[in-house]
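Per my numbering, residue 87 is the first one in the sequence shown, and the count goes up by one each step.
Glycine residues also receive a C-beta, built at the ideal position from the N, C-alpha and C atoms.
Computed from a predicted model, the values in this text were never measured in an experiment.
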Amino acid sequence: MRLRLLPSSFPGSSPAGPEAVDSAVGAPASGVAAQPLTSFLVEGAGAGPLAVDAGSLGLVGEPAEMGRIAGLVLTHAHIDHVASLPMWVEALLSLDRAPVRVHASAGAIEALRAHLFSGPLFPDFEALREADGRPLMELVPFPEGAPFELAGFQVSAFPVAHPVPTHGLLVDDGEHALLFGADSGPCEALWQVAASAPRLRAVVLEASFPERMQAIADGSGHLTPATLATELERVPDGVRVLLAHLKPAYRGEIIAELSRRVGDAVEFLEPGAWVDLGQ
Ligand SMILES: [Zn+2]
Ligand SMILES: [Zn+2]
Numbered sequence: 087m088r089l090r091l092l093p094s095s096f097p098g099s100s101p102a103g104p105e106a107v108d109s110a111v112g113a114p115a116s117g118v119a120a121q122p123l124t125s126f127l128v129e130g131a132g133a134g135p136l137a138v139d140a141g142s143l144g145l146v147g148e149p150a151e152m153g154r155i156a157g158l159v160l161t162h163a164h165i166d167h168v169a170s171l172p173m174w175v176e177a178l179l180s181l182d183r184a185p186v187r188v189h190a191s192a193g194a195i196e197a198l199r200a201h202l203f204s205g206p207l208f209p210d211f212e213a214l215r216e217a218d219g220r221p222l223m224e225l226v227p228f229p230e231g232a233p234f235e236l237a238g239f240q241v242s243a244f245p246v247a248h249p250v251p252t253h254g255l256l257v258d259d260g261e262h263a264l265l266f267g268a269d270s271g272p273c274e275a276l277w278q279v280a281a282s283a284p285r286l287r288a289v290v291l292e293a294s295f296p297e298r299m300q301a302i303a304d305g306s307g308h309l310t311p312a313t314l315a316t317e318l319e320r321v322p323d324g325v326r327v328l329l330a331h332l333k334p335a336y337r338g339e340i341i342a343e344l345s346r347r348v349g350d351a352v353e354f355l356e357p358g359a360w361v362d363l364g365q
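Here's what the structure looks like:
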């Protein structure tokens, strides 16, 4: 099984020119560390690629490459997780893949229908049809409390602590499992799932704000290094902790606080790089 955080800022795209990119803090060899948008790819034993969230999914690669994705599941409908969803759907439509299926919670689907695919921001792709009658897109609600199959994985969704309908996801290929915590403040349910997943290799957590912004983090359902450190006490032995969703403006500050608080107990996901979680 392996995991990739998709890039969401791109070398040479700085408004001030490529030489202006700040590579002082945690910048990867690929160029840019900042990750304003969130999307991941997971590949497993005979499974995937499965995309988790679509912040930048529709911006990375040519349509044919986007068409390799075997399934897409969303943790929630916040814009940093769905910003490029219309572009990804359009890429697959150009490959004659209607209906393009997007899996999400019933609550997230309600938000997407009301606010994204409703006309003013983008057309209603569920109502539009190909000439042969196929709808362009289907928003498919996933079950809660029972695993479902997607792209060759068993996926289990459970609610986490975020102000809108948001789900963590356990993704299991039968040999290894990976747990996405999604955007969330401290979350008991996450650790109950972790404790009951014997094949678990890694958990993907967030650290959105520095500690001086603890009140904003608490109010918006996010972690700081302080609250993350408390959560880390629950990580099962031998399970890696991979971090994403560091707000770009505070990235350096968050990394400095984390190195003081938890040392090398966490790994920062490098945009674009695959992380090997075991064969
Ligand atoms: Zn969110
Ligand atoms: Zn987010």
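Notebook entry, point to check: Any idea what DSSP makes of H253, helix, strand or coil?
Noted result: Looking at H253 - three-state DSSP - the assignment turns out to be strand.
Notebook entry, point to check: Since F244 sits in a beta bridge, which residues does DSSP pair it with?
Noted result: Under DSSP, F244 takes part in a beta bridge, and its partners are G254.
Checklist line | Buried versus exposed call for L160 [16 or more other C-beta atoms within 10 Å across all chains shown] | finding: By the neighbour-count criterion, in which a residue is buried when 16 or more other Cβ atoms sit within 10 angstroms of its Cβ, L160 is buried.
Notebook entry, point to check: Who sits around ligand 2, taking every residue whose Cβ is closer than 6 Å to one of its heavy atoms?
Noted result: Those residues, listed in chain order, are T124, H164, D166, H167, D269 and H331.
Item checked: Through-space distance from D323 to A163, alpha-carbon basis -> Our two residues, A163 and D323, have alpha carbons roughly 32 Å apart in a direct line.
Note to self: I'd like the list of long-range same chain contacts for F208, defined as Cβ closer than 8 Å, with 5 residues on each side in sequence excluded.
What the structure shows: Exclusion of the five residues before and after F208 leaves P172 and L202 as the residues of its chain whose Cβ lies within less than 8 Å of its Cβ.
Notebook entry, point to check: Which residue spans inside the segment 176-244 form an unbroken beta strand (DSSP E) run of at least 3?
Noted result: Whole beta strand (DSSP E) segments, 3+ residues: 186-190, 223-227 and 234-236.
Next item on the list: Excluding the 5 residues preceding and the 5 following R187 in the sequence, name in chain order all residues of the same chain whose CB lies nearer than 6 Å to its CB.
Entry: When the five nearest sequence neighbours on each side are left out, the beta carbons in the same chain lying within less than 6 Å of the beta carbon of R187 are those of E224 and V226, in order along the chain.
Checklist line | Residues sharing a beta bridge with R88, DSSP | finding: Note: R88 sits in a beta bridge opposite E129 and D362.
Next item on the list: Under 7 Å Cβ to Cβ from A351, same chain only, skipping five residues before and after it: list those, please.
Entry: Excluding sequence positions up to five before and after A351, its CB lies within less than 7 Å of the CB of L318 and V327, all in the same chain and listed in chain order.
Note to self: I need the DSSP call for R285, collapsed to helix, strand or coil.
What the structure shows: R285 falls in the coil class under three-state DSSP.
Next item on the list: Identify, in the order they occur along the chain, each residue of the same chain with its Cβ nearer than 7 Å to the Cβ of D258, setting aside the five sequence neighbours on each side.
Entry: Cβ neighbours of D258 beyond the five flanking positions: F239, Q240 and R285.
Check: Taking C-alpha atoms, which residue in D304, A312 and P296 lies nearest to K333?
Finding: When C-alpha distances from K333 are compared across D304, A312 and P296, the shortest belongs to P296.
Checklist line | H253 beta carbon near ligand 1 (any heavy atom closer than 7 Å) | finding: No, since every heavy atom of ligand 1 falls outside the 7 Å radius drawn around the Cβ of H253.
Check: Would you report the Cα separation of R220 and A194, rounded to the nearest angstrom?
Finding: Roughly 23 Å separates the two Cα atoms.
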